[in-house]
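Q: Going by the numbering used here, the first residue of the sequence shown is number 44, and it counts up by one from there.
Have a look at this one before I ask anything.
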Amino acid sequence: PEGVEAKGLPGLERSVTGLAVSADGALLAATGAGKVHLWSLPDGKGLPARIDNGGTLSALAIAPDGKTLVGVNDEGRVRLWNLPDGKLRETVGDLGKRVASIAFLPGGNTLVVAGGDGVVLWDLATNDRKSLALPEAGR
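Below you can see the structure in the form of structure tokens.
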């Protein structure tokens with residue numbers, strides 16, 4: 044768009060496999076090559092947090108309050124990190140399948156997880172999971 048300067052983000056050396064922006068637009072998280080990098084927006088300044096996820100993440104999401112980053116790896120393992128320091132808080136579960144996309148509901152306690160098997164609503168406080176039935180293609 045006119046008036047917007049495109050520039051690279053320092054620290055990101057390979058292709059991006061997951062991306063998330065905070066609800067207030069002040070923080071960008073991106074993952075690639077086994078690491079998660081954080082930048083302040085709109086200046087693109089790299090933040091000092093170093094998040095090593097121990098493998099490729101397929102999806103990222105930032106909680107609505109901006110204090111938690113969630114990532115899902117290729118095997119479906121879900122991890123939570125504190126923001127902005129990037130300290131691993133906990134591994135909350137294992138979905139046992141590839142996840143294509145994740146997002147928080149506005150309250151910040153429920154994660155919406157989408158993958159090849161459909162959509163799951165996951166209450167992170169209680170660990171309750173509810174699968175949503177999706178219509179078959181063409182219906």
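Quick reminder that beta carbons are idealized off the backbone N, C-alpha and C, glycines included.
#1: With C-beta atoms as the reference, is L175 less than 8 angstroms away from G159?
#2: Taking L103 and A76 to be in contact with their CB atoms under 8 angstroms, please state how far apart those CB atoms are, rounded to whole angstroms.
#3: Considering only their Cβ atoms, is the gap separating N96 from V79 smaller than 8 angstroms?
#4: Between which two residues does the beta strand (DSSP E) holding R141 run?
#5: Verify whether the separation of the beta carbon atoms of T74 and L90 is less than 8 angstroms.
#6: Give me, in chain order, the residues of the same chain whose beta-carbon lies closer than 7 angstroms to that of K88; leave out the 5 immediate sequence neighbours on both sides.
#7: So, under 8 angstroms CB-CB, R93 and G129 are touching, yes? Tell me the CB distance rounded to an integer number of Å.
#8: Tell me, which residues are paired with N125 by DSSP?
#9: State the DSSP-derived secondary structure class of V79, mapped to helix, strand or coil.
#10: Would you mind working out which of S65, L138, R141 and W165 sits nearest L112, comparing C-alpha positions?
#11: Identify the continuous beta strand (DSSP E) that holds T153 and give its terminal residues.
#12: Give the secondary structure of K173 by DSSP, where H, G and I count as helix, E and B as strand, and everything else as coil.
#13: Output needed for L131: all residues of its chain with C-beta closer than 6 angstroms, excluding positions within five of it in sequence on either side, in chain order.
A: A quick look at the data gives this:
#1: no
#2: Actually they do not touch by this definition, with Cβ atoms about 14 angstroms apart.
#3: yes
#4: Counting along the chain, R141 falls outside any beta strand (DSSP E), and DSSP gives it neither H nor E.
#5: no
#6: W82
#7: 6 angstroms
#8: T111
#9: strand
#10: S65
#11: T153 to G158
#12: strand
#13: W124
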